[in-house]
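Asks:
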Amino acid sequence: MNNKNSMKVLITGARAPIALDLARIFHRAQHRVYMADSTRYPLSKKSNCIAEYITLPSPRLQPTQFVNSLKQALKEFQIDMLIPTCEEIFYISQFRNQFPSDLIVFCDNFIKLKWLHNKYTFIQSCSNQPIYTPKTYLIDEHLSLDDLEDIRYVIKPVYSRFATQVILNASKKQILELKKSKPNQYIAQEFIGGAEYSTYGVALNGKLTANVCYHSLYRAGKGAGILFHNVYIPEIFNFITEYVKENNFTGQIAFDFIQDRKGNVYVIECNPRGTSGLHFFKHEKHFSNAFIDPMVLLIPDMLRYKALKLAVYCFALPKIRNLSGLRNLIKHLNLCQDIIYDKEDKIPAFYQFYSLMVIFIKSLAAFKSPLTISTCDIEYDG
Numbered sequence: 001m002n003n004k005n006s007m008k009v010l011i012t013g014a015r016a017p018i019a020l021d022l023a024r025i026f027h028r029a030q031h032r033v034y035m036a037d038s039t040r041y042p043l044s045k046k047s048n049c050i051a052e053y054i055t056l057p058s059p060r061l062q063p064t065q066f067v068n069s070l071k072q073a074l075k076e077f078q079i080d081m082l083i084p085t086c087e088e089i090f091y092i093s094q095f096r097n098q099f100p101s102d103l104i105v106f107c108d109n110f111i112k113l114k115w116l117h118n119k120y121t122f123i124q125s126c127s128n129q130p131i132y133t134p135k136t137y138l139i140d141e142h143l144s145l146d147d148l149e150d151i152r153y154v155i156k157p158v159y160s161r162f163a164t165q166v167i168l169n170a171s172k173k174q175i176l177e178l179k180k181s182k183p184n185q186y187i188a189q190e191f192i193g194g195a196e197y198s199t200y201g202v203a204l205n206g207k208l209t210a211n212v213c214y215h216s217l218y219r220a221g222k223g224a225g226i227l228f229h230n231v232y233i234p235e236i237f238n239f240i241t242e243y244v245k246e247n248n249f250t251g252q253i254a255f256d257f258i259q260d261r262k263g264n265v266y267v268i269e270c271n272p273r274g275t276s277g278l279h280f281f282k283h284e285k286h287f288s289n290a291f292i293d294p295m296v297l298l299i300p301d302m303l304r305y306k307a308l309k310l311a312v313y314c315f316a317l318p319k320i321r322n323l324s325g326l327r328n329l330i331k332h333l334n335l336c337q338d339i340i341y342d343k344e345d346k347i348p349a350f351y352q353f354y355s356l357m358v359i360f361i362k363s364l365a366a367f368k369s370p371l372t373i374s375t376c377d378i379e380y381d382g
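Numbering (the working numbering), first residue to last: 1 to 382.
(1) Below 6 Å CB to CB, which residues in the same chain sit around P134 once its five sequence neighbours on both sides are set aside?
(2) Report the option in P183, I167 and I340 whose CA atom is closest to the CA atom of A16.
(3) Of all the options I236, P42 and V67, which has the alpha carbon lying nearest to the alpha carbon of Q98?
(4) So, I253 versus G201, is the Cβ gap smaller than 8 Å?
(5) Spatial neighbours of Y380 within its chain, please: CB distance less than 6 Å, with the 5 preceding and 5 following residues excluded, ordered by chain position.
(6) Are D377 and F249 touching if we call contact CB-CB under 8 Å?
(7) Where in the region 211-256 do unbroken runs of the beta strand (DSSP E), each at least 3 residues long, occur, reported from the N-terminal end onward?
(8) I'd like to confirm the pairing. Which residues does DSSP put opposite E177 in its beta bridges?
(9) For the 8 Å Cβ check, are there 3 or more pairs between the region 233-246 and the region 55-73?
(10) By a C-beta neighbour count over all protein chains shown, 10 Å radius and 16 as the cutoff for buried, is M1 buried or exposed?
(11) Given Y351, which residues of its chain have a CB within under 6 Å of its CB, disregarding the five upstream and five downstream residues?
(12) Check the DSSP bridge columns for G201 and list the partner residues they point to.
(13) Starting from L333, follow the alpha helix (DSSP H) in both directions and report where the run begins and ends.
(14) Comparing alpha-carbon positions, which option in I25, S125, H229 and V154 lies nearest L168?
(15) In the DSSP output, which residue or residues are listed as bridge partners for P157?
(16) Helix, strand or coil for T395 per DSSP?
(17) So what does DSSP say about Y351, is it helix, strand or coil?
(18) So who's on the other strand from V296, going by DSSP bridges?
(19) Let me check understanding here. Comparing Cα to Cα, which of K343, A210, N128 and L176 lies closest to D147?
(20) Could you give the first and the last residue of the continuous beta strand (DSSP E) run that contains A36?
(21) Would A311 and A220 qualify as a contact pair, given that the criterion is a beta-carbon distance under 8 Å?
(22) Can you tell me whether N211 is buried or exposed? The criterion is at least 16 other CB atoms within 10 Å of its CB, across all chains shown.
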């Protein structure tokens, strides 16, 4: 293996904007970067920060072929560090014992990732943490409707992303129907009203090495933030620091929180992978050290607004219903740095139109939403 100042790094999930920024960050830190994904036209494919793009089989549809192709790429390009960014992480962690023993696989073990990804088991793991958690019930054959308090509920799949298939203001009748038709696949969670926050962090052996908390002003659908700014909330930072320490976590880790009108902070769910908060570290020249050096702790110290501007035009702009809303959108866009455009790596800003067009064509052909199509081949649902 090369020394840590010059590694060969393979980043998977090349379709994701966070993977593109991560490639840029490692490239500018003098590492040789390779990227891989199971789509032919990912956003990052034409970036000048990568030495090679590798097309892999779908980990969800062809897990054995995915792992074999990945092993071949690791050997061919003599990769030192493998960094998964999206839900392919669950397949990589599951089969990591098949990879070279000296390879740094930057994620935790499969069992830990799975219970973090599971919305029910994650909430159970927070029971002893000094933070509020919403009342959460697994909708299974053991759940009695008498157990449910007369409060507002949100129904969510145990495994999901982008807040898809979420049912707000769910009735006990709907909960009963899911108990009969899809046991163990959904949770009923207490509805908490308030301001929503997300975080992104990096941890090494239980030590938090980077973290940011951010608030999304516009979203694609119900969950995926496309225009957001960073904030700092001490209760959130303290929880994350203690949580990764208690669980001796290594990898990228993200959480969702809600702060209610009384100022109480509730942790809602966990995503043990990369999320949009990574973009706040794009211009932090030492950010790659967060993946290598447990002694660093990086937190953005400037207020920044970030946007996937093309996504804003596609998803947020059509939802504007009045002039005031349009003014607010324009004001926020003027504050933003576009995530995809980079003056030293311009091609992805143009290639994203082609990449997005392919997703839209596939979504029309399959009668599914673009968000669903964008991840359907890499999703892990237990």
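Don't be surprised by glycine CBs; every beta carbon is placed ideally from N, CA and C.
Replies: The relevant details are as follows:
(1) Q189, E190, I192 and Y266
(2) I340
(3) V67
(4) yes
(5) E87 and F90
(6) no
(7) 224-231
(8) None; E177 has no bridge partner.
(9) no
(10) Interpretation of M1 is limited by its pLDDT of 47, a score under 50 that renders its predicted location unreliable; the figure taken from the coordinates is listed afterwards. It counts as exposed.
(11) K46
(12) N211 and I253
(13) L323 to L335
(14) V154
(15) Y186
(16) Nothing about residue 395 can be reported from this structure: the residues present for the chain run from 1 to 382 only.
(17) helix
(18) According to DSSP, which records beta bridges pairwise, V296 is partnered with nothing at all.
(19) L176
(20) R32 to D37
(21) yes
(22) buried
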